[in-house]
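Each protein sequence line maps, in turn, to chains A and B. Counting from 688, one number per residue, gives the positions in the first sequence under our numbering. Counting from 688, one number per residue, gives the positions in the second sequence under our numbering. Beta carbons are placed, not taken as given, at the ideal position from N, Cα and C, and that holds for glycine.
Protein chains: 2
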Amino acid sequence: MPVAPHITEAMASSSFIRRMFEEGILLKSRFGADQVYDFSIGNPDLEPPEKVALMLKEMGASPQKGCHGYMPNAGYPETRSAMAAKVSAEQGVALDHSRIVMGVGAAGAMNAVLKAVLSPGDEVLVSAPFFPEYAHYARNHGGNLRTVPSKDDFSLDVGAIEAAISSRTAALIINSPNNPTGKIYTRTDIEGLAAALKRSKERTGRSVILIADEPYREVVYDGREVAPVFPSWPDSVIVSSFAKNLSLPGERIGYAAVNPASPDAQGLTDAIIFCTRVLGFVNAPATFQRIVAQCWNEKVDYSSYLKRRNLLTGILDEAGIEYSLPEGAFYLFCRVPERQATSGDSGNDGAFCEHLKGKRILAVPGKGFGKPGWFRLAYCVSEKSITLSREAFKSARMEW
Amino acid sequence: MPVAPHITEAMASSSFIRRMFEEGILLKSRFGADQVYDFSIGNPDLEPPEKVALMLKEMGASPQKGCHGYMPNAGYPETRSAMAAKVSAEQGVALDHSRIVMGVGAAGAMNAVLKAVLSPGDEVLVSAPFFPEYAHYARNHGGNLRTVPSKDDFSLDVGAIEAAISSRTAALIINSPNNPTGKIYTRTDIEGLAAALKRSKERTGRSVILIADEPYREVVYDGREVAPVFPSWPDSVIVSSFAKNLSLPGERIGYAAVNPASPDAQGLTDAIIFCTRVLGFVNAPATFQRIVAQCWNEKVDYSSYLKRRNLLTGILDEAGIEYSLPEGAFYLFCRVPERQATSGDSGNDGAFCEHLKGKRILAVPGKGFGKPGWFRLAYCVSEKSITLSREAFKSARMEW
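Quick look at the structure:
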């Protein structure tokens, strides 16, 4: 067989998210899009800001010579400067284009960062529940993901993280607002975490790289703010994209930003550029580099996500399904209800998601996020679809 | 230091091509673009077909809902179907969209294929001289690149390849037309190679995956044709892009096509899709997937490359620099001249390229391609720039 055995094995235990998304496409073609309540994937249904289309039109109308050609692997200087302005504002730390590496989405940027810092056998820590692709990303580069349970309210358990750090720990990924819980880490959390990283460095002799994966930074509710990490911990990198805030996930446009306070900021940046190249990304797509350089600051109205969150939580309240109220992003993390029928698999999130699929509700089991007994609903779908799902949730709950 | 030691080491010995390209940008800003003869990189200076701009304009004028969103990781079905038609015509073997995986350029597709087939410690064979990034691509996924010298005319040395195959050999990469030599492998070469792969399979019990990297397939001279591989060897994959033929290298759009005759064609395709996802590519960029679905068959006039080849070879003849006449692509592989000054470093391609840089000619040493004593000139640059380089080549030769 041509496929490497370790890949066959990884595929067998692989992400339910994509499987659900792709099954959803099939179900919709069978029953009609309206009749499938697809909460499987974070594919935003808001359209990008109008300026994206205006720029595409303008680029097509007056094509610039060489505009689809290679540029330096790190990206166009203008685009890197725009990202530097964005990150400076968000982090409250001044940086220029030289600390920015454009990436093929946040996933591409994350892989370049992990490859840059991981030696074989190194560990990458993450607070669970977590975005399951991180496990693959760490393994791609010879590392292992080690999960640390969060507190019951899904905030960071800093003590547990500190206890998990050893001289093999190369990096710690945090994701705020979190996928799948919508939890936002506070400034106090981040400062506490930085103090723990400082103590760990003294203990192990190795500085843990803090990677803040922030594609949902702009999507927050109730006036919440995502705390910066650059002021608190010098060995830190921001990874982000325009997939979620500008609704451009299919265009694969993101970046990594290196903390200028890192003792080897230039070396780390150069390594991320090198890894972007040798992993075969080469550079972030040219046209969308130009677009985000102009559009990153476009105002987008995320209030519809809040409205949808409230609509969906109302439906779940009515159905009697518990959840953790998200502070940001567009995921609702829910507890698998107690089984009313007599059966041994109460709390089995895989079985419950299969049960929901029978009602044409697509949800993702919590097990893959490191939290069995829970499931995730992505509510970046139309209000109509959410409204139509009401009876399906009710009867799913009643028949469970 | 945050960077992994093996990455620091790889960077130190890394590609001269990009370094030259990026130094070229600096030199041009200093001396003016006209005064730098930049033969460093395969960044085509032909503009893409007009239809690319027309499509961008149209997409911007009438944006379709969700057109920048996620699609299945393998790509849009319409795009995959268009690629299947292209590959079927080129290979003379019928295949449909199910054997196509869209990739982030040929480099992205190649990485997904190698990750799919490589187990730790496996070898990837390549005929030298070769595109130096292959060594990184193999190492990314736990493999090692093993080079086999070509014959003196740069054709495949099938006997040497067969002798190098062992049970650790997972894959063999061929690149026709070749970068850096412009050599095209004939149908007889490919059939001979397939016979060797068949004998090796009987000997080692393992089938070597033949990966044909074909980004230059359309760029051929003197009526030459690039021989197909699908009819000759079932375990084969085509990797290609629209970087070179449609001049879209910065947009990162390519594909992998799996031979439908492969005994596990579906398993191999699924593994390439999975690896595209978990490596963080996720999918090929959405907008350019749409564009290549419509534009792949646009006629492009490559005669200017032939004209430039002939212009540059004329200049080299005059200067007294030997080269191998390319049959395709847009690279001229040249022999470092005998040193006229008394010095021990005759044949030192690094020193000669430094010497050329003193004349503001940017070339890439052959060592990185696995062929010391030679150097590469990429002639996908303006005729004017080639013409202006005449005196620089002459004096470089005279003063060497």
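Going by beta carbon distance, what residues of the same chain come within less than 8 Å of A847 (chain A), once the five residues before and after it are set aside?
-> V835 and P836
Chain B beta carbons: is any one of them nearer than 8 Å to that of R705 (chain A)?
-> yes
Cα separation between G1055 (chain B) and L966 (chain A)?
-> 18 Å
First through last residue of the alpha helix (DSSP H) which encompasses Y1139 (chain A) = Chain A is shown from 688 up to 1087; residue 1139 (chain A) falls before or after that span and cannot be answered.
Which residues DSSP lists as bridging N831 (chain A), in chain order | A:E810
Minimum Cβ-Cβ distance from Y757 (chain A) to chain B less than 8 Å = yes
Does K744 (chain B) come within less than 8 Å of chain A when only Cβ atoms are used?
-> yes
Given 8 Å as the limit, is there contact between the stretch 962-981 of chain B and the stretch 813-827 of chain A, that is, 3 or more CB pairs closer than that?
-> The answer is yes - the stretch 813-827 of chain A touches the stretch 962-981 of chain B, with three or more Cβ pairs under 8 Å.
Using a Cβ cut-off of 8 Å (strictly closer), state whether D1004 (chain B) contacts chain A.
-> no
Alpha carbon to alpha carbon, how far is P1090 (chain A) from E710 (chain A)?
-> Any answer about residue 1090 (chain A) is impossible in this case: the structure gives chain A only from 688 up to 1087.
For R893 (chain B), does the three-state DSSP call read helix, strand or coil?
-> coil
Between the Cα of K1058 (chain A) and those of A:N1035, A:S894 and A:A1065, spot the shortest distance and give me the residue it belongs to.
-> A:N1035
Who are the near neighbours of I1048 (chain A) in its chain, counting only those whose CB is closer than 8 Å to its CB and skipping five residues on each side?
-> Y724, F726, S1076, A1079, F1080 and A1083
Report buried or exposed for M746 (chain A), applying the criterion of at least 16 other Cβ atoms within 10 angstroms of its Cβ.
-> buried
In whole angstroms, what separates the C-alpha of E1041 (chain B) from that of P764 (chain B)?
-> 48 Å
When the Cα of L1003 (chain A) is compared with those of A:A822, A:D732 and A:T1074, which residue comes out closest?
-> A:T1074
CA-to-CA distance, P902 (chain B) to H886 (chain A), given in whole angstroms | According to the sequence shown, residue 886 (chain A) is Arg rather than His. Rounded to whole angstroms, R886 (chain A) to P902 (chain B) spans 51 Å at the Cα level.
How many whole angstroms separate the CB atoms of A799 (chain B) and I959 (chain B), which I take to be in contact at a CB cut-off of 8 Å?
-> About 5 Å separates the two Cβ atoms, so the contact holds.
Would you say Y1066 (chain B) reaches chain A, if we count a Cβ-Cβ gap shorter than 8 Å as a contact?
-> With respect to chain A, the C-beta atom of Y1066 (chain B) has no partner C-beta closer than 8 Å.
Indicate whether at least one CB of chain A lies closer than 8 Å to the CB of E1014 (chain B).
-> no
Please state if the CB of C1067 (chain B) and the CB of P736 (chain B) are separated by a distance shorter than 8 Å.
-> no
Length at least 4, wholly inside the stretch 950-1016 of chain B: the alpha helix (DSSP H) runs in chain order | 952-965, 973-982 and 990-1006
Does the beta carbon of I1073 (chain A) sit closer than 8 Å to a beta carbon anywhere in chain B?
-> no
L956 (chain A), buried or exposed, once every other Cβ within 10 Å from all chains shown has been counted against 16 | Correcting the residue identity first, residue 956 (chain A) is Thr in this sequence and not Leu. Buried, because 16 or more other Cβ atoms sit within 10 Å of the Cβ of T956 (chain A).
Pick from B:F817, B:A822, B:F818 and B:P816 that is closest to E810 (chain B), judged by C-alpha positions | B:A822
Output the distance between the C-alpha atoms of R855 (chain A) and S854 (chain B), rounded to the nearest integer angstrom.
-> Between the alpha carbons of R855 (chain A) and S854 (chain B) lies a distance of about 33 Å.
Give, in chain order, every unbroken run of the beta strand (DSSP E) that is at least 3 residues long and sits entirely within the stretch 864-910 of chain A.
-> Fully enclosed beta strand (DSSP E) runs of 3 or longer: 896-900.
Quick one: give me the first and last residue of the beta strand (DSSP E) that S923 (chain B) is part of.
-> S923 to S928
Check whether the Cβ atoms of F708 (chain B) and I694 (chain B) lie closer than 8 Å to each other.
-> no
One or two residues paired with P736 (chain B) in a DSSP bridge | None, per the DSSP bridge assignment.
Could you tell me the distance, in whole angstroms, from the CA atom of V913 (chain A) to the CA atom of G762 (chain B)?
-> 34 Å
According to DSSP, is R1047 (chain B) helix, strand or coil?
-> coil
Taking the C-alpha atoms as reference points, what is the distance between V739 (chain B) and S927 (chain B)?
-> 19 Å
Contact under 8 Å by Cβ, P816 (chain B) with G1053 (chain B) = G1053 (chain B) sits close to P816 (chain B), with the two beta carbons spaced by under 8 Å.
Endpoints, beta strand (DSSP E) assigned at F1062 (chain A) = For F1062 (chain A), the enclosing beta strand (DSSP E) stretches over residues W1061 to A1065.
Compare the C-beta of G747 (chain B) against all C-beta atoms of chain A and say whether one is closer than 8 Å.
-> yes
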